[in-house]
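Since the structure comes first, as structure tokens, the remarks are kept for the end.
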Amino acid sequence: IHTYQSDGRGSTKHLLRHVCSKRSSSLENNEEGPMGKFMKLKKLPPLKLNSKDRTIIQDEFTKSICSSIRPFNLISDLGLKATLQTIFDICKKYQGSINIDDILVTPTTISNNVKKLAEYYRSLLRPILIEQAESGALVVCPDFWTDNHKKINYLGLTVYFVTNGYELFTFDLCCTRFNEIDKTGVGALKVFLYAIREQLNLFGLLSYMDNNKITFTSDRGANTLKALKWYPVIYCFAHRINNVLKLTPYQTAQNNKKRVLIASSPPAKSNQKVATCL
Numbered sequence: 330i331h332t333y334q335s336d337g338r339g340s341t342k343h344l345l346r347h348v349c350s351k352r353s354s355s356l357e358n359n360e361e362g363p364m365g366k367f368m369k370l371k372k373l374p375p376l377k378l379n380s381k382d383r384t385i386i387q388d389e390f391t392k393s394i395c396s397s398i399r400p401f402n403l404i405s406d407l408g409l410k411a412t413l414q415t416i417f418d419i420c421k422k423y424q425g426s427i428n429i430d431d432i433l434v435t436p437t438t439i440s441n442n443v444k445k446l447a448e449y450y451r452s453l454l455r456p457i458l459i460e461q462a463e464s465g466a467l468v469v470c471p472d473f474w475t476d477n478h479k480k481i482n483y484l485g486l487t488v489y490f491v492t493n494g495y496e497l498f499t500f501d502l503c504c505t506r507f508n509e510i511d512k513t514g515v516g517a518l519k520v521f522l523y524a525i526r527e528q529l530n531l532f533g534l535l536s537y538m539d540n541n542k543i544t545f546t547s548d549r550g551a552n553t554l555k556a557l558k559w560y561p562v563i564y565c566f567a568h569r570i571n572n573v574l575k576l577t578p579y580q581t582a583q584n585n586k587k588r589v590l591i592a593s594s595p596p597a598k599s600n601q602k603v604a605t606c607l
């Protein structure tokens, strides 16, 4: 039995941090297929730094974060760790000093490289997702949200599936902006659905969605459920449990407060006219 921590905001991100016990043969079964090629890990024996060098690096990170007023948890970013590890691995091939300008790239270069890398990773994911969709094991979780500062609407799609080795995998397919005219009208529902279909089409999954081979999961958002009413939908169990546990202990106090407000409110004035007999 596992106990999951709630952050009090309805988030289920802690579920993803749980590490399930893996079968010893699970990776071996998938090495020859597209899943094995995509998820295969490189196991290299790491070297340990001495305490003096580690302190120097620690001081440099601290000065960098403080000088640019960055959050402290920036240092634990997985992307930063992966980037630094790649740089270290490449620099092993060279002798002598390396110019830092040869390592760092400009923001323009990063911007131009986003589309190239996105298409490359789509090509790797496409056969994996199609294989799962064909067997009816693919679940898509759509999320619509708005940036209140810039007033921009976004669509996020996350997929989940379990392999034949009983391993749970999750991928964030996209986080893309889209335009909507009315959040409650029929036109908005069509925009929601079109945005989902457009993104799934990039992975060759549109036909599987039309044939109800893909299951959607949702936190019971009204617009999402209306847009997906013709497709298989499973309600998110974790969100419902979170709401029950968050609200139940406070129901008695809330009900008592409502009773006090009702009792202290003045009676409503009658709008009926009194007939006067002359």
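Under the numbering used here, think of the first position of the sequence shown as 330, with each following residue one higher.
Just so it is clear, CB atoms sit at the ideal spot from N, CA and C, and this is done for glycine as well.
As the structure is a computational prediction, the values presented were derived from the model and not from experiment.
Around the Cβ of residue i, are there at least 16 other Cβ atoms within 10 angstroms (buried) or fewer (exposed)?
i: Thr-438; result: exposed
i: Leu-607; result: Caution applies to Leu-607, whose pLDDT of 37 falls short of 50 and renders its modelled position unreliable; the value that the coordinates give is listed next. Counting Cβ neighbours within 10 Å, Leu-607 comes out exposed, since fewer than 16 surround it.
i: Glu-448; result: exposed
i: Phe-566; result: exposed
i: Val-573; result: exposed
What do you reckon, are the CB atoms on residue i and residue j nearer than 7 Å?
i: Leu-534; j: Phe-545; result: no
i: Ile-525; j: Pro-471; result: yes
i: Cys-504; j: Tyr-483; result: yes
i: Lys-498; j: Leu-467; result: As written in the sequence, residue 498 is Phe, which differs from the Lys given in the question. No, Cβ-Cβ distance for Phe-498 and Leu-467 is not below 7 Å.
i: Ser-486; j: Gln-528; result: Note that residue 486 is Leu in the sequence shown, not Ser. Cβ distance < 7 Å, so Leu-486 and Gln-528 count as in contact.
i: Lys-575; j: Leu-518; result: no
i: Arg-455; j: Phe-532; result: yes
i: Arg-451; j: Ile-481; result: no
In the DSSP assignment, what residue or residues form a beta bridge with residue i?
i: Leu-646; result: The requested residue 646 does not occur in the structure, where the chain is confined to residues 330 to 607.
i: Ile-563; result: Thr-546
i: Tyr-537; result: The partner list for Tyr-537 (beta bridge, DSSP) is empty, contrary to what the question assumes.
i: Val-573; result: BP columns for Val-573 are empty, so no partner.
i: Leu-497; result: Val-491
Whose C-beta lies closer than 6 Å to the C-beta of residue i among residues of the same chain, with five residues either side of it excluded?
i: Asn-402; result: none
i: Thr-577; result: none
i: Ile-404; result: Phe-390
Can you grab the Cα-Cα spacing for the pair residue i / residue j, in whole Å?
i: His-478; j: Lys-444; result: 26 Å
i: Lys-673; j: Thr-415; result: The structure shown does not extend to residue 673, since the chain is modelled only from 330 to 607, so the question has no answer here.
i: Asp-406; j: Ser-393; result: 15 Å
i: Tyr-523; j: Asn-540; result: 16 Å
i: Leu-433; j: Ile-570; result: 46 Å
i: Asp-418; j: Tyr-564; result: 44 Å
i: Ile-457; j: Asn-442; result: 24 Å
i: Leu-378; j: Leu-413; result: 15 Å
i: Arg-399; j: Asp-388; result: 15 Å
i: Ile-429; j: Ser-396; result: 19 Å
i: Thr-475; j: Glu-496; result: 33 Å
i: Ile-459; j: Asp-431; result: 39 Å
i: Ala-411; j: Phe-500; result: 17 Å
i: Val-488; j: Val-469; result: 4 Å
i: Thr-435; j: Leu-453; result: 27 Å
i: Asn-530; j: Trp-559; result: 18 Å
Grab me the residues of residue i's own chain with a C-beta within less than 8 Å of its C-beta, minus the 5 sequence neighbours each way, in chain order.
i: Ile-427; result: Cys-420
i: Ala-462; result: Leu-534, Tyr-537, Lys-542, Ile-543
Apart from the five residues just before and just after residue i, which ones in its own chain have a Cβ nearer than 7 Å to its Cβ?
i: Gly-465; result: Lys-542
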